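These notes are about the structure you will find just below.
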Amino acid sequence: MCRNLLFPAGGLRFTGSRTTGEQVFKGRHFDRSVILLCVRWYLAYGLSLRNLEEMMAERGITVDHATIHRWVIRYSPELLQRFNLRKRAVGRKWHVDETYIKVRGKWMYLYRAIDSMGDTVEFWFSEHRDLPAAKRFLTRALKRHGRPDRIVIDGSQTNREAIVSCDTTNRLQDSSRHRLNPIRIRQSPYMNNRIEQDHRAIKRRMHPMLGFKSMDSARIILDGIEMVHMMRKRQASFACYPKPSEG
Numbered sequence: 056m057c058r059n060l061l062f063p064a065g066g067l068r069f070t071g072s073r074t075t076g077e078q079v080f081k082g083r084h085f086d087r088s089v090i091l092l093c094v095r096w097y098l099a100y101g102l103s104l105r106n107l108e109e110m111m112a113e114r115g116i117t118v119d120h121a122t123i124h125r126w127v128i129r130y131s132p133e134l135l136q137r138f139n140l141r142k143r144a145v146g147r148k149w150h151v152d153e154t155y156i157k158v159r160g161k162w163m164y165l166y167r168a169i170d171s172m173g174d175t176v177e178f179w180f181s182e183h184r185d186l187p188a189a190k191r192f193l194t195r196a197l198k199r200h201g202r203p204d205r206i207v208i209d210g211s212q213t214n215r216e217a218i219v220s221c222d223t224t225n226r227l228q229d230s231s232r233h234r235l236n237p238i239r240i241r242q243s244p245y246m247n248n249r250i251e252q253d254h255r256a257i258k259r260r261m262h263p264m265l266g267f268k269s270m271d272s273a274r275i276i277l278d279g280i281e282m283v284h285m286m287r288k289r290q291a292s293f294a295c296y297p298k299p300s301e302g
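Under my numbering, the first residue of the sequence shown carries the number 56, and numbering increases by one thereafter.
Now the structure itself:
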């Protein structure tokens, strides 16, 4: 029997962490199952906060849309942290690309990487699309997931320079006695269709939001959307793991 699920349909549990579920939800006026259902639905489906307010009202639960937004901001990072503890290892051939996200009417950038099986490797939200941003993203990916054998990118010279720079630094800092081969780079606008298709799942969820109001809230919500996307790909190992429904 699955108990203490963070996501009732996702299998993410509180066990094995520093704080118990009761401590995480201490002081809340709503049952945690209601809170987590709202958070999951908002991150998973094309619903606005007011949609969720109305849906809860139909179930006899009076909750303001602003309260639901606070729940999303409060619990999405907690959910992602727990998910990452159970995330499976990714493959060694990566596809790297970035996509546009609008915040306060200004375009910003979501850097993303997936492996050859379509599993999400890493993601990072940036105000800028330049060499420092690309290097920061790749440094994070290499630190968390190890070195890939190959990275596929589109025609971006900036991303190519970032890979070469991060790869060189990573090999110089390596303390093992094994000689590390350079990461192979495949650069073609036609070879990166896999990640461009994967972008669409994230962008599709964002359309009802009509843009974000702040960089901080955008980063938190995007992290949550990416987490649900990984759950749909079954990228984590759980003792009990029903497959989330598609949305």
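Even for Gly, the Cβ is constructed at its ideal location relative to N, Cα and C.
Just so we're clear, the structure is a prediction, and the values are computed from it rather than from any experiment.
Practice task
Given a cut-off of 8 Å, decide if Tyr-166 and Ala-189 are closer than it, judged by their beta-carbon atoms.
Solution key: Yes, Cβ-Cβ distance for Ala-189 and Tyr-166 is below 8 Å.
Handout entry: Beta-carbon contacts of His-284 that lie in its chain and below 7 Å, excluding the five residues immediately before and after
Key = Within its own chain, the residues whose Cβ lies closer than 7 Å to the Cβ of His-284, once the five positions on either side in sequence are excluded, are Thr-175, Ala-256, Ile-257, listed in chain order.
Exercise for the section: Taking only the alpha-carbon atoms, compute the straight-line gap between Arg-159 and Leu-140 and give it to the nearest angstrom. Expected result: Near 33 Å, if we compare the C-alpha coordinates of Leu-140 and Arg-159.
Practice task
Determine the DSSP secondary structure at Lys-157, reduced to helix, strand or coil.
Solution key: Here Lys-157 sits in strand by DSSP.
Exercise for the section: For Ser-103, I'd like the list of residues in its chain whose CB is within less than 7 Å of its CB, leaving aside the five on either flank, ordered along the chain. Expected result: Only Pro-263 meet the Cβ criterion.
Exercise for the section: Determine which residues share a DSSP beta bridge with Glu-177 and list them. Expected result: Answer by DSSP bridge pairing, in chain order: Ala-168.
Exercise for the section: Quick one: residues in its chain with C-beta nearer than 7 Å to the C-beta of Ile-206, no 5 flanking neighbours on either side, listed in chain order? Expected result: Trp-149, Val-151, Ile-218, Ile-238, Ile-240, listed in sequence order.
Exercise for the section: Quick one: grab the DSSP three-state call for His-84. Expected result: His-84 falls in the coil class under three-state DSSP.
Exercise for the section: Find the nearest neighbour of Ala-99 within the set Ile-250, Leu-277, Ala-291, Gln-290, judged by alpha-carbon distance. Expected result: The option with the nearest alpha carbon to Ala-99 is Leu-277.
Practice task
With a threshold of 16 other CB atoms inside 10 Å of the CB of Glu-153, please say whether the residue is buried or exposed.
Solution key: Buried, by the Cβ-count rule.
Problem - C-beta contact flag for Pro-244 and Asp-209 at 8 Å - result: Yes.
Problem - CA-to-CA distance, Ala-196 to Ser-220, given in whole angstroms - result: Ala-196 has its alpha-carbon roughly 14 Å from the corresponding atom of Ser-220.
Exercise for the section: Label Ser-131 either buried or exposed according to how many other C-beta atoms from any shown protein chain fall within 10 Å of its C-beta, with 16 as the threshold for buried. Expected result: By the Cβ-count criterion, Ser-131 is buried, with 16 or more other Cβ atoms from all chains shown falling within 10 Å of its own Cβ.
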